Amino acid sequence: MMKAAFYCFSATGNTKRICGLFVDELKKSGYETEYFAIRQGATYAPPSDFDLVFVAYPVHGFSAPRIMTDFAKALPASDGQSYYIVKTSGEPLEANNDSSAVLMRNMAAKGYTCKGEFHYVMPYNMLFRHSDAMVALMWRAAKNTVPADAVIAASGGEKMPEKSSRARMIRRALAFEHGGMRILGKFFRVDRKKCVSCGMCVKLCPFGNITMDESGRVKFGNKCMGCTACSFHCPQNAINIGAMNRFKVNGAYKFSDDITGFTAEDVCDYCHDAYLRYFEAHGIKLPAGGDKE
Ligand SMILES: Cc1cc2nc3c(=O)[nH]c(=O)nc-3n(C[C@H](O)[C@H](O)[C@H](O)COP(=O)(O)O)c2cc1C
């Protein structure tokens, strides 16, 4: 049996969810699949154990998160094994197209060759909370597209987004975010009145950056990468993420793929046209709808 590996970092579940769609498709093609959740200090079976390799991540500041670029650096050397990137982002903007540059460079330094990159837009875990309608549209768009993308990967095909110099410029301009988050993360705070010391944030932090003392008091260290796993999943919404708190999104989304009756009016105003174009490119043509009240 052919074997596929997913090396995935997913702070709030979107990227993992997309990997799940790939897993379902690859199983139909007779693949056995293994999913590795990337965490600092963890060890994984090497890519050489697998016939098909996926490296998956959410876009952070128009780049791959630090935990993934570090993951690539720690891989065993290869003599040209190929792999595919699966990534999710909140915006359907072309500025996200160059986000894999550093990750790909680190992978190439270890001898791995990227054959394709599959990009899906998923609900924001930062900035603002998407409506249920937007979530359904995104999920439907992914479900429309993953089957064909999985066939490309399973057949060793190629698919690369166009990477403009503008996208490269934006990625480079925001490169400070990786270092900056370590500082911003120090100012995360827990509201002691809301916190029930359940330990969820400690368990979820991929960097082991959150600790809890004997009295149940939560503390943040200086390794944060701002992934929001802690604040998104906090069942008490007790975590204040400092300078970014007004952009915080708390609580899991409900994923339906029923888009019956939706019109362009269901698409958020923010980046409205870009989302419409994304949905259309992913098999969803929305009628214009009436005027908004
Ligand atoms: C710190 C941070 C930075 C982000 N930066 C971007 C970005 O540059 N572009 C974008 O489209 N989405 C951005 N997002 C949104 C996420 O990429 C998106 O919600 C993703 O699907 C989350 O995936 P996950 O649930 O697997 O962590 C950012 C989210 C966070 C937390």
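End of the sequence shown = 441 in my numbering, gap-free, step of one. Backbone N, C-alpha and C define an ideal beta-carbon position, used for all residues, glycine too. Note that the structure is predicted; figures quoted are calculated from it, not measured.
When DSSP labels each residue in this structure, what does R320 get in the three-state scheme?
Three-state DSSP puts R320 in a helix.
Taking the alpha-carbon positions, what's the H278 to N357 distance?
So the two alpha carbons sit approximately 28 Å from each other.
Classify G264 as helix, strand or coil using the three-state DSSP reduction.
Three-state DSSP puts G264 in a strand.
For the alpha helix (DSSP H) containing A377, name the first residue and the last one.
A377 to H381 is the extent of the alpha helix (DSSP H) around A377.
Is S158 helix, strand or coil when you go by DSSP?
Coil.
Quick check: the Cα distance between A225 and I387, rounded to an integer number of angstroms?
Rounded to the nearest angstrom, the two C-alpha atoms are 40 Å apart.
Tell me which residues share the same chain as A298 and place their Cβ nearer than 7 Å to its Cβ, disregarding the 5 neighbours each side in the sequence.
Taken in chain order, the residues that qualify are F170, E173 and L174.
On the DSSP letters alone, give me the boundaries of the alpha helix (DSSP H) that V203 sits inside.
V203 -> not in any alpha helix (DSSP H); beta strand (DSSP E) instead, spanning L200 to P206.
Apply the 10 Å Cβ neighbour rule to I166 and answer buried if 16 or more other Cβ atoms are within range, or exposed otherwise.
The residue is buried, with at least 16 neighbouring Cβ atoms inside 10 Å.
So does the stretch 285 to 303 actually touch the stretch 260 to 276, counting three or more Cβ pairs closer than 8 Å?
They touch, by the three-pair rule.
Taking Cβ to Cβ, would you say G390 is nearer than 8 Å to F336?
For G390 and F336, yes; Cβs fall inside 8 Å.
Please determine if the stretch 412 to 425 and the stretch 302 to 322 are in contact, where contact requires at least 3 C-beta pairs separated by less than 8 Å.
Touching, no, given that fewer than three Cβ pairs across the two stretches are closer than 8 Å.
Compute the Euclidean distance between the alpha carbons of D197 and G228, then round it to the nearest angstrom.
About 14 Å.
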